[in-house]
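Structure first, then comments.
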Amino acid sequence: MSSRRASHSGSWYTDNGRALARQLDGWLGLVPDTMDKVGSLPTAGARVIIAPHAGYSYSGPCAAYAYKALDLSKAKRIFILGPSHHVALSTLALPTLTSYRTPLSDEPLPLDTELITQLFATQATRPNGSKVSFTTMTKSVDEDEHSIEMHLPYVHRLLQLQYPDAPTSEYPPLVPIMVGNTSAATEQAFGNLLAPYLADPSNAFVISSDFCHWGLRFRYTYYVPQAPKRGPSLPVSSDQLPQPGSDANSVSDRIEMVSAGHHLRQRDRIPSREPAIHEGISAFDMATMAAITTGSAKNFLDVIDRTGNTVCGRHPIGIIMAALENVTASRPADKQGRFYFLRYERSSDVEDVSDSSVSYVSAFAVL
Numbered sequence: 001m002s003s004r005r006a007s008h009s010g011s012w013y014t015d016n017g018r019a020l021a022r023q024l025d026g027w028l029g030l031v032p033d034t035m036d037k038v039g040s041l042p043t044a045g046a047r048v049i050i051a052p053h054a055g056y057s058y059s060g061p062c063a064a065y066a067y068k069a070l071d072l073s074k075a076k077r078i079f080i081l082g083p084s085h086h087v088a089l090s091t092l093a094l095p096t097l098t099s100y101r102t103p104l105s106d107e108p109l110p111l112d113t114e115l116i117t118q119l120f121a122t123q124a125t126r127p128n129g130s131k132v133s134f135t136t137m138t139k140s141v142d143e144d145e146h147s148i149e150m151h152l153p154y155v156h157r158l159l160q161l162q163y164p165d166a167p168t169s170e171y172p173p174l175v176p177i178m179v180g181n182t183s184a185a186t187e188q189a190f191g192n193l194l195a196p197y198l199a200d201p202s203n204a205f206v207i208s209s210d211f212c213h214w215g216l217r218f219r220y221t222y223y224v225p226q227a228p229k230r231g232p233s234l235p236v237s238s239d240q241l242p243q244p245g246s247d248a249n250s251v252s253d254r255i256e257m258v259s260a261g262h263h264l265r266q267r268d269r270i271p272s273r274e275p276a277i278h279e280g281i282s283a284f285d286m287a288t289m290a291a292i293t294t295g296s297a298k299n300f301l302d303v304i305d306r307t308g309n310t311v312c313g314r315h316p317i318g319i320i321m322a323a324l325e326n327v328t329a330s331r332p333a334d335k336q337g338r339f340y341f342l343r344y345e346r347s348s349d350v351e352d353v354s355d356s357s358v359s360y361v362s363a364f365a366v367l
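First residue of the sequence shown? That's 1 in the UniProt record's numbering, and the numbers climb one at a time after it.
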């Protein structure tokens, strides 16, 4: 049996299992049991979440909101889709290992190797009829990437709490998928391929993504002069975040407003009468969330194209939105399959072009 080591433990999060369990329990405990516009947590049928993957000191508390909502009561398998940060890839990659380790137990989390083998042998079909296949990631590539690993402790801890008497080997197995720089057509193809698994109530999906990466070091300095000068103070919870059911015109207005921005140069200064840089970041992050709540992958891709918002998990999000559209197409028009946003945080508030920040969100969808 070949296992992936917890390669980012001891740096991005603690490698002490007991301390890690206490930390995760503490963050989960800080999330309210009921939230405005959302209802009670965990949410029945919330089998899909979006959560961040930065170091836990930055994004751990925000991720807790998504994991507090996640319903694993019927889960027999857990998919985790994360973006590739280090390897150039135009398709999706599957692991070659059989288990993933975390500091929470000596025994590793099992992978669904049978399904992974089946997926590797299956081709997805793009709208033009062309085919695209999965590839594999080596152990070293797997261990270099953090976007999937940062979710393993939360998943592991929830399973420990749900199955206190079961050995780790009997937990619902994982299906980790690394997502490359995929085209919209490829995302639709893999969304359709994964749709039958998404429709199955025994499958849960974790979508790994941070939101805006702003600053010269990220080569992204988009500024929105039209942004509200007094936006919401962070952190922001569900009552102030976009949710399903918003008027289509209001979503369109949000997107139009943030589309009129421009990039700042290092020497640029923001006059005091203008919105602060971080107010603009909030505005186009909120517009991106609003587009996601519509359930339309096209709307999501449109706001990304217009603003260039550096959502690092935009391709995993694009795939799950395509899958959700496939699954809900034959269902009554309601809010099922739409993402509800629970939390929005940032590493800092940018005031100057020399500053930088990364945004984090937590969301869930019910099926």
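Glycine included, C-beta positions come from ideal geometry on N, C-alpha and C.
Measuring C-alpha to C-alpha distances from residue 314 to each of 271, 294, 181 and 279 identifies 181 as the nearest. DSSP, reduced to helix, strand and coil, places residue 256 within a helical segment of the structure shown. The region 73-87 makes no contact with the region 339-356, as fewer than three CB pairs between them are under 8 Å. Here residue 34 is not near residue 69, since their CB atoms are 7 Å or more apart. Within the region 96-156, the complete beta strand (DSSP E) runs of at least 3 residues fall at 123-125, 131-133 and 135-137. For residue 67, the enclosing alpha helix (DSSP H) has its first and last residue at 56-69. Secondary structure of residue 222 (DSSP, three-state): strand. For a cut-off of 8 Å, the C-beta gap from residue 235 to residue 344 is around 7 Å, short enough to register as a contact. Using a Cβ-Cβ distance cut-off of 8 Å, the region 195-206 and the region 237-249 are not in contact, since fewer than three pairs of beta carbons, one from each stretch, lie closer than that value. Checking the DSSP bridge columns, you'll see residue 346 partnered with 359. In summary, residue 122 is exposed, with fewer than 16 beta-carbon neighbours lying within 10 Å of its beta-carbon over all protein chains present.
Pairing residue 94 with residue 59, the inter-Cα distance amounts to about 25 Å.
No Cβ-Cβ contact shorter than 7 Å links residue 347 with residue 214. Assignment of residue 340 by DSSP, reduced to helix, strand and coil, places it in the strand class. For residue 219, the closest C-alpha among the options 52, 98, 297 and 355 is that of 355. Here residue 249 carries a helix assignment [DSSP, helix/strand/coil]. The three-state reading of DSSP puts residue 174 in strand, counting E and B together.
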